[in-house]
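Colleague:
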Amino acid sequence: MIQTLVTGATGTLGTALRQRLTETDYAVRAASRAPPKESSTDIDWVELDLLEGTGLESALENIDVVIHSATAPRGDTAAVDVQGTKRLLKAAEAVDVENFLYPSIVGVDEIPFSYYEHKRVAEEGVEESTIPTTIVRATQFHSFIAELLDSVAKLPLWPLPTNVPIQSVDVGEVADVIVDHATLTASGRTDPVGGPTIHSVGELAQAYRRTRGLRRPIIRFPIPGKTMAAFRSGHATCPDYRVGTTTWEEWLTERYPHETERTPI
Ligand SMILES: NC(=O)c1ccc[n+]([C@@H]2O[C@H](COP(=O)([O-])OP(=O)(O)OC[C@H]3O[C@@H](n4cnc5c(N)ncnc54)[C@H](OP(=O)(O)O)[C@@H]3O)[C@@H](O)[C@H]2O)c1
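Under this note's numbering, residues 322 to 586 are what the sequence shown spells out, in order.
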């Protein structure tokens with residue numbers, strides 16, 4: 322049985338990974354800064370803080386494969402995503418892990434956004450490691466787009482950069498690809514994982530509004546600067562890699578099942 326460590330195991334991707342790994346007969350150690358108190362027969366929870374550098378040695382004991390999905394996009398990405406990844410790599414090198422998998426994001430080398438720049442630097446650290454590694458880039462998760470739209474949904478008008486192309490993907494389908502690579506032989510840099518359709522932000526918002534039975538006006542709100550220009554150029558998409566099959570519309574119907582029947586507001 323392959324012994325796997327999943328960092329960021331409470332997160333969006335980490336949760337999907339845990340489910341698939343346990344279903345696929347892996348032994349799963351799951352790391353969090355605050356692991357759940359209740360014990361689980363399927364999962365060995367451990368405490369790990371990449372910022373503090375605590376819990377590394379015990380998390381990595383007898384581990385064959387690491388899937389490093391911890392990240393701090395709303396926190397100190399230089400400290401967690403860059404330095405934290407370096408710390409984890411060093412500890413993984415010390416125990417000769419067979420495969421260190423790093424999920425990343427499509428376009429991190431083209432889009433000048435500090436989180437993405439830190440992900441790219443972290444990728445470089447992964448590639449320079451002395452242990453075998455695998456890097457899987459994915460496009461934005463459907464759930465991430467929904468979270469962003471949930472936050473504008475309360476506004477009377479929805480100001481959005483409507484012409485930005487996005488190829489969002491079901492996180493479960495990204496987890497499936499990562500688990501396929503979670504073997505004792507590393508794959509290096511793999512093909513990226515994108516969703517089935519490229520929609521503009523305006524189209525994504527319209528489908529979201531329709532599914533939720535809402536009627537708030539969507540207003541085109543162009544955001545100036547190099548970051549949005551890079552997004553507008555399509556650098557966050559991978560049109561040749563439409564790996565996911567669950568469309569945004571199908572995902573929305575699952576996510577907001579009762580809301581289509583609501584009286585529009
Ligand atoms: N979200 C997207 O749309 C998207 C798209 C493509 C690729 N990705 C990549 O997929 C990976 C996972 O993203 P996600 O969206 O699933 O992230 P997420 O939901 O924000 O989860 C990240 C996890 O990291 C853990 N974490 C944060 N700070 C930590 C620290 N100091 N030490 C240890 N753990 C820490 C947190 O766990 P605790 O709070 O339990 O410690 C959290 O559950 C990332 O590499 C991300 O770049 C994401």
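All C-beta atoms, glycine included, are put in the ideal place defined by N, C-alpha and C. All values reported here derive from a predicted model rather than from experimental measurement.
(1) Closest to L525 by CA distance: which of S360, D491, L573, F542 is it?
(2) Note down the Cα distance separating D501 from T511, rounded to an integer number of angstroms.
(3) Relative to the C-alpha of L338, which candidate in G546, V386, L372 has its C-alpha closest?
(4) Does F421 have its Cβ less than 8 Å from a Cβ in chain C?
(5) Within the region 327 to 371, note down every full beta strand (DSSP E) run reaching 3 residues or more, in order along the chain.
(6) Excluding five sequence neighbours on each side, which residues of the same chain lie with their C-beta closer than 7 Å to the C-beta of P513?
(7) Can you find at least 3 beta carbon pairs, one from the region 396 to 408 and one from the region 439 to 453, that sit closer than 8 Å?
(8) What's the call for H266, buried or exposed, on a 16-neighbour Cβ count within 10 Å?
(9) Going by the beta-carbon positions, is the gap between I452 and E414 smaller than 8 Å?
(10) Out of K440, I323, Q340, which one is the CA nearest neighbour of G493?
(11) To the nearest angstrom, how far is it from the Cα of T483 to the Cα of A496?
(12) By a C-beta neighbour count over all protein chains shown, 10 Å radius and 16 as the cutoff for buried, is D402 buried or exposed?
(13) If you reduce the DSSP assignment to three classes, tell me which class L422 lands in.
(14) Starting from V514, follow the alpha helix (DSSP H) in both directions and report where the run begins and ends.
(15) If you draw a straight line from the C-alpha of Y577 to the C-alpha of L371, how long is it?
(16) On the CB-based measure, 16 or more other CB atoms within 10 Å of its CB, does K440 come out buried or exposed?
(17) Considering only C-alpha positions, which residue in the set T506, V522, V485, I544 is nearest to H556?
(18) Whole angstroms are fine: how far does the CA of F542 sit from the CA of I586?
(19) From what residue to what residue does the beta strand (DSSP E) around T548 run?
(20) Answer yes or no: do I384 and L326 have a C-beta to C-beta separation smaller than 8 Å?
(21) Would R350 and A391 be called neighbours here (beta carbons separated by less than 8 Å)?
(22) Which word fits I544, buried or exposed, when buried means at least 16 other C-beta atoms lie within 10 angstroms of its C-beta?
Modeller: With the structure as the only source:
(1) Checked all of S360, D491, L573, F542; the closest Cα to L525 is L573.
(2) 11 Å
(3) L338 has its Cα closest to that of V386, out of G546, V386, L372.
(4) Here chain C cannot be found, since the structure has a single protein chain.
(5) 348 to 353, 364 to 368
(6) V427, R458, A459, C559, Y562
(7) yes
(8) Residue 266 cannot be examined here, being either before or after the span of the chain that is shown, 322 to 586.
(9) yes
(10) With distances taken between Cα atoms, G493 lies closest to Q340.
(11) When only Cα atoms are considered, T483 and A496 end up about 28 Å apart.
(12) buried
(13) strand
(14) Note, V514: premise wrong, no alpha helix (DSSP H); not H, not E.
(15) When rounded, the distance between both Cα atoms is 35 Å.
(16) buried
(17) V485
(18) Legend: pLDDT at I586 = 49, less than 50; position of this residue unreliable, value from coordinates given subsequently. Rounded to the nearest angstrom, the two C-alpha atoms are 22 Å apart.
(19) Here T548 belongs to no beta strand (DSSP E); instead the alpha helix (DSSP H) covers 547 to 553.
(20) yes
(21) It is not a contact, given that the beta carbons lie outside the stated cut-off.
(22) exposed
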